[in-house]
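This report refers to the structure that appears directly beneath it.
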Ligand SMILES: NC(=O)c1ccc[n+]([C@@H]2O[C@H](COP(=O)([O-])OP(=O)(O)OC[C@H]3O[C@@H](n4cnc5c(N)ncnc54)[C@H](O)[C@@H]3O)[C@@H](O)[C@H]2O)c1
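In our numbering, the protein residues as written are -7 to 341.
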């Protein structure tokens, strides 16, 4: 039996930890090396249920340090590299763009270099629909839409995509890039809209909404995204980019009102209502609308999303309600300071 080694970077974060669990459930003859720096967003509690699985190994390391990566590569021959490691929050990229370019671009350069040296079967760069910029009222991004990133975060991700493509064209490195829409599901750090809203409902705090709340995002359940990544990794044609989305466009205010409604239905003694909503000064350069066309992956690789938005949201909210310890482990002094810095001192915590 041949054992395939999967080098998953950023596996202690939201999507990476869900992906590791997805792989372990699906494959037996596998070894997963989770390589993560454990920034504020990396949390080994995300993987506490599988940490003793003999197919899983954790390495603390930084993709910006090539020696760190090579140490892991000296121990195993890596077959697949799946790069989730990144600074991932737009607001933080506005406050501090430097770290975004260090991790999201220079880190990717290191990974591409070691992939080439090792002769991996596939290097998969996990990217985002945000590289395409912002849409008006109609239309959707396809893989041929030109790149037009607007935030330091999306600019760093677009740069990494271009670098990844360059390694395919110049060195024949077998790469793929996936660009997915906004993910939701368990284990997401509560700075992003959905877990932040759930957390604030549970603790009776104001829910900040940028601007008029009408910015639109296209939502996909993280498990549907993981299935698409698995498919692209094993079946994607080298050099190709695949958009991943589930046709679920919602405005931010719709999402927040839906969460309040679901929590009210699930937990009637929690007195939550729309009164918690607090409109705050808009994010600088806030993209108006994202919508993703994923016909290519549907047609060529026969992927399709399987989780309806309604049931996915109910299960996600139920998960957060059932895991208060997980939420509490994240809510540190640093978290509150950051939150206050972003939304202003007058914002009720
Ligand atoms: N969350 C979304 O909706 C979404 C949508 C599309 C694409 N993506 C992309 O998917 C990837 C994962 O996103 P996420 O939401 O899980 O992010 P996350 O912030 O939850 O996790 C990122 C992980 O990367 C690790 N990390 C950061 N810098 C590192 C470094 N220099 N070296 C090693 N590890 C490092 C962190 O410790 C953390 O565990 C990112 O590349 C992001 O751009 C996210």
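Cβ atoms here follow ideal geometry from the backbone N, Cα and C, with glycine treated the same way.
For residue 0 and residue 240, the rounded distance between their alpha carbons: 28 Å
Identity of the residue in 197, 159, 174, 296 nearest residue 222 by Cα: 296
Alpha carbon of residue 45 to alpha carbon of residue 25, nearest angstrom: 12 Å
Beta-carbon contacts of residue 318 that lie in its chain and below 7 Å, excluding the five residues immediately before and after: 37
Cβ-based burial, residue 81 [other Cβ within 10 Å; buried from 16]: buried
Cβ contact check for the stretch 274 to 290 and the stretch 209 to 229: 3 or more pairs under 8 Å: yes
Spatial distance of residue 29 from residue 307 (CA atoms): 29 Å
Inter-stretch contact (C-beta, 8 Å, three-pair minimum) for the stretch 178 to 186 and the stretch 245 to 255: yes
For residue 288, the three-state DSSP class (helix, strand or coil): helix
Near ligand 1: residue 40 beta-carbon under 7 Å from a heavy atom: no
Delimiting residues of the alpha helix (DSSP H) encompassing residue 138: Segment: none, residue 138 is in no alpha helix (DSSP H) and carries neither H nor E.
Alpha-carbon to alpha-carbon, residue 96 and residue 77: 8 Å
Segment limits, alpha helix (DSSP H) that includes residue 325: 325 to 335
Cβ of residue 117 within 8 Å of any chain C Cβ: Included in the structure is just one protein chain, with no chain C present.
Proximal residues to residue 58 (C-beta, below 6 Å), its chain only, five neighbours per side dropped: 102
Three-state secondary structure (DSSP) of residue 13: helix
Cα-Cα separation between residue 89 and residue 144, rounded to whole angstroms: 6 Å
Short Cβ contact (8 Å threshold) for residue 235 with residue 135: yes
The stretch 155 to 169 in contact with the stretch 269 to 276 per 3-pair CB rule at 8 Å: no
Separation of residue 320 from residue 121, as counted between CA atoms: 31 Å
As assigned by DSSP and simplified to three states, the class of residue 89: helix
Check: residue 181 C-beta below 7 Å from any heavy atom of ligand 1: yes
Reference residue 196; option with closest CA among 224, 268, 153: 268
Cβ-Cβ distance between residue 212 and residue 172 below 8 Å: yes
Of the residues 110, 142, 116, 294, the one placed nearest residue 123, counting alpha carbons only: 142
Closer than 7 Å: residue 222 CB and nearest ligand 1 heavy atom: no
Alpha helix (DSSP H) segment containing residue 47, residue limits: That residue, residue 47, is in no alpha helix (DSSP H); it is neither H nor E in DSSP.
Contacts around residue 119, its chain only, beta-carbon distance under 6 Å, and the 5 residues preceding and following it disregarded: 149, 153, 169, 171
Sequence-distant residues of its chain with Cβ nearer than 7 Å to residue 104 (five each side left out): 115, 155, 156, 159, 165
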